[in-house]
Amino acid sequence: MKRNPCIEYIRLIACLIVVACHVNFQLVSTADTAGLKTFYFCVFSDGVAIFWMITGCFLFQNSRLLPLIKRALTKVLLPTLLLFMLCLAISGWHLPVKYFDHTWYVFVYLTVIILFPLLKPFAGFLDRGKGRDLAFLCISLLLFLLNDLMENRLLFFGFTPLTGFLPAAAEILWGHILYRRVRTGRILAPVLLFFTLNLARTFAQLRLYSIGSDHNLRVWYSVFGILCGACILCCGLLTSGRFSGEGQPGKNAEHNQRLSGVLCAAASYTFGIYLLHPLLAGAATALNLWDILQERLSARLPYPIGSLLFLLIGTGGIFFASLLACILLRSVKKRVLLIMERLPHRGQP
Numbered sequence: 001m002k003r004n005p006c007i008e009y010i011r012l013i014a015c016l017i018v019v020a021c022h023v024n025f026q027l028v029s030t031a032d033t034a035g036l037k038t039f040y041f042c043v044f045s046d047g048v049a050i051f052w053m054i055t056g057c058f059l060f061q062n063s064r065l066l067p068l069i070k071r072a073l074t075k076v077l078l079p080t081l082l083l084f085m086l087c088l089a090i091s092g093w094h095l096p097v098k099y100f101d102h103t104w105y106v107f108v109y110l111t112v113i114i115l116f117p118l119l120k121p122f123a124g125f126l127d128r129g130k131g132r133d134l135a136f137l138c139i140s141l142l143l144f145l146l147n148d149l150m151e152n153r154l155l156f157f158g159f160t161p162l163t164g165f166l167p168a169a170a171e172i173l174w175g176h177i178l179y180r181r182v183r184t185g186r187i188l189a190p191v192l193l194f195f196t197l198n199l200a201r202t203f204a205q206l207r208l209y210s211i212g213s214d215h216n217l218r219v220w221y222s223v224f225g226i227l228c229g230a231c232i233l234c235c236g237l238l239t240s241g242r243f244s245g246e247g248q249p250g251k252n253a254e255h256n257q258r259l260s261g262v263l264c265a266a267a268s269y270t271f272g273i274y275l276l277h278p279l280l281a282g283a284a285t286a287l288n289l290w291d292i293l294q295e296r297l298s299a300r301l302p303y304p305i306g307s308l309l310f311l312l313i314g315t316g317g318i319f320f321a322s323l324l325a326c327i328l329l330r331s332v333k334k335r336v337l338l339i340m341e342r343l344p345h346r347g348q349p
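Given below as structure tokens:
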């Protein structure tokens, strides 16, 4: 399936958010106030929601289950298992769980694919009736809100295949509906709404802390998560004309087409980045790179500028290091396959 540039750059943003979510606990200075820390964590907490919505943009264009299962096994599960085996071998057959707890997403994704025959008819049902999709958006949003108000004791969302399927399916359907409906508008509106929602989430989370509640609004299955994920997806959908070059002078159109090619190529590595980034973040911690970076920035820049720059440099560094590792691994894979193709087959001279 041909990649859509306006979705692929959102895929890259989602990947950056996931990386920031997993490394920012190491990066944010202990001098940060509780409010600023919470705001950091809120802004960088909805990458998974965006990924589910991106899945919804294209999932229901498929009509058969077996090709989906084959792709999920070869492109998602197999790389995950190979990484498990490699790390087991390197670590003396002792798997460091803290570097792999993010792989819950893989198994929820496999559950979604297995239950695709149930999701596709429901998506078709929403598409056929006038206003059904908008009714679904309102009802599902209300359920997410009620679940948060009841501190997740209504729907019991979570990170396992069973507890993660329902919110994942809802966000996939949101992506499907938004992809069909959002075509025109000002990109500034979803950007402002995204930061406004995260400010509100920060105050709500601080309030929960103050009353001793352990409920977490900084998760992809909260009402803020689904709304913020939708805002980011809409940012991509509203830039579709820019990437397609429609109505633009020749040079601008050519430049944007080249940019689209670069973005699509980089986005093809996002799952590999997702798998590898905790390992590289752990290596940076073991080498004391965070301490060195934090010490130098805090000595030269005032708070909170140094702290914010610390977060951005650390996240960007892990992201690009993971990207380079993925490019290297794919290059090695291609060379190995090429060598295997050149080897004589059995029975041939």
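Residues in the sequence shown are numbered consecutively from 1, following this note's numbering.
Glycine included, each C-beta is placed from N, C-alpha and C at the ideal position.
1. Compute the Euclidean distance between the alpha carbons of Q294 and S63, then round it to the nearest angstrom.
2. Report the rounded CA-to-CA distance for L146 versus L154, giving the unit in angstroms.
3. Please identify the residue among L36, V23, E8 whose C-alpha is closest to the C-alpha of Q205.
4. Using only the alpha-carbon positions, how far apart do V223 and D46 sit?
5. Among I327, L66, F84, R183, which one has its Cα closest to the Cα of S268?
6. Measuring only the C-alpha atoms, how far is L275 from L162?
7. Give the range of the alpha helix (DSSP H) segment to which Q205 is assigned.
8. I'd like to know whether the C-beta atoms of L263 and P79 end up nearer to each other than 8 Å.
9. I want to know whether the segment 166-181 touches the segment 41-61 - three or more CB-CB distances under 8 Å.
10. With distances taken from CA atoms, which of A20, I13, E8 is nearest L308?
11. Let me make sure I understand the geometry here. Which of R71, G306, G261 has the alpha-carbon closest to that of K2?
12. Which same chain residues, not among the five before or five after P167, have their C-beta less than 7 Å away from its C-beta?
13. Pick from L66, C234, I226, R258: whose alpha carbon is nearest that of P117?
14. Three-state secondary structure (DSSP) at H102?
15. Count the other C-beta atoms from every protein chain shown that fall within 10 angstroms of the C-beta of A135, then say buried if there are 16 or more, exposed otherwise.
16. Here's the rule I'm using: 16 or more other beta-carbon atoms within 10 Å means buried, otherwise exposed. How should V23 be labelled?
17. For Q294, report the span of its alpha helix (DSSP H) as first-last.
18. According to DSSP, simplified to helix, strand and coil, what is E151?
19. In whole angstroms, what is the alpha-carbon distance linking A14 and F41?
20. Rounded to a whole number of angstroms, what is the C-alpha to C-alpha distance between L352 and L137?
Inspection of the coordinates gives the following:
1. Position 294 of the sequence shown, counted from the first residue, corresponds to residue 294. Position 63 of the sequence shown, counted from the first residue, corresponds to residue 63. Between Q294 and S63, the C-alpha separation is close to 51 Å.
2. Taking the first residue of the sequence shown as position 1, residue 146 is located at position 146. Taking the first residue of the sequence shown as position 1, residue 154 is located at position 154. Pairing L146 with L154, the inter-Cα distance amounts to about 7 Å.
3. Here residue 205 is taken as the residue at index 205 of the sequence shown, counted from 1. Selected option, being the one with the closest Cα: L36.
4. Here residue 223 refers to the residue found at position 223 when the sequence shown is read from its first residue. Here residue 46 refers to the residue found at position 46 when the sequence shown is read from its first residue. When rounded, the separation of the alpha-carbon atoms in V223 and D46 is 11 Å.
5. Taking the sequence shown and counting its residues from 1, one reaches residue 268 at position 268. Ranking the options by Cα distance to S268, first place goes to I327.
6. For the purposes of this step, residue 275 is identified with residue 275 of the sequence shown, where counting begins at 1. For the purposes of this step, residue 162 is identified with residue 162 of the sequence shown, where counting begins at 1. Rounded to whole angstroms, L275 to L162 spans 22 Å at the Cα level.
7. Residue numbering aside, residue 205 sits at position 205 when the sequence shown is read from its first letter. Note, Q205: alpha helix (DSSP H), 188-210.
8. Sequence index remark: in the sequence shown, residue 263 carries index 263 (1-based). Sequence index remark: in the sequence shown, residue 79 carries index 79 (1-based). Using a Cβ distance threshold of 8 Å, L263 and P79 do not count as a contacting pair.
9. Taking 8 Å as the limit for Cβ pairs, the verdict is that the segment 41-61 does touch the segment 166-181.
10. Here the question's residue 308 lines up with position 308 in the sequence shown. The residue with the shortest Cα to Cα distance from L308 is A20.
11. Counting from 1 along the sequence shown, the entry for residue 2 is found at position 2. Nearest C-alpha to K2: G261.
12. In the sequence shown, residue 167 corresponds to position 167, counting from 1. F157, Y221, listed in sequence order.
13. As a first step, residue 117 must be located in the sequence shown, where it is residue number 117. Measuring from the Cα of P117, the nearest candidate turns out to be L66.
14. Taking the sequence shown and counting its residues from 1, the one referred to as residue 102 is at position 102. H102 carries a helical assignment under DSSP once its states are collapsed to helix, strand and coil.
15. Position 135 of the sequence shown, counted from the first residue, corresponds to residue 135. By the 16-neighbour rule on beta-carbons within 10 angstroms, A135 is exposed.
16. For the purposes of this step, residue 23 is taken as the residue at position 23 of the sequence shown. Buried, since its Cβ has 16 or more Cβ neighbours within 10 Å.
17. For the purposes of this step, residue 294 is identified with residue 294 of the sequence shown, where counting begins at 1. Run containing Q294: 289-300, per the alpha helix (DSSP H) assignment.
18. Numbered from 1 along the sequence shown, position 151 holds the residue referred to as residue 151. It is coil, neither helix nor strand.
19. Here residue 14 is taken as the residue at index 14 of the sequence shown, counted from 1. Here residue 41 is taken as the residue at index 41 of the sequence shown, counted from 1. Going from the Cα of A14 to the Cα of F41 covers about 14 Å.
20. Here the chain covers residues 1 to 349 and nothing more, so residue 352 does not appear.
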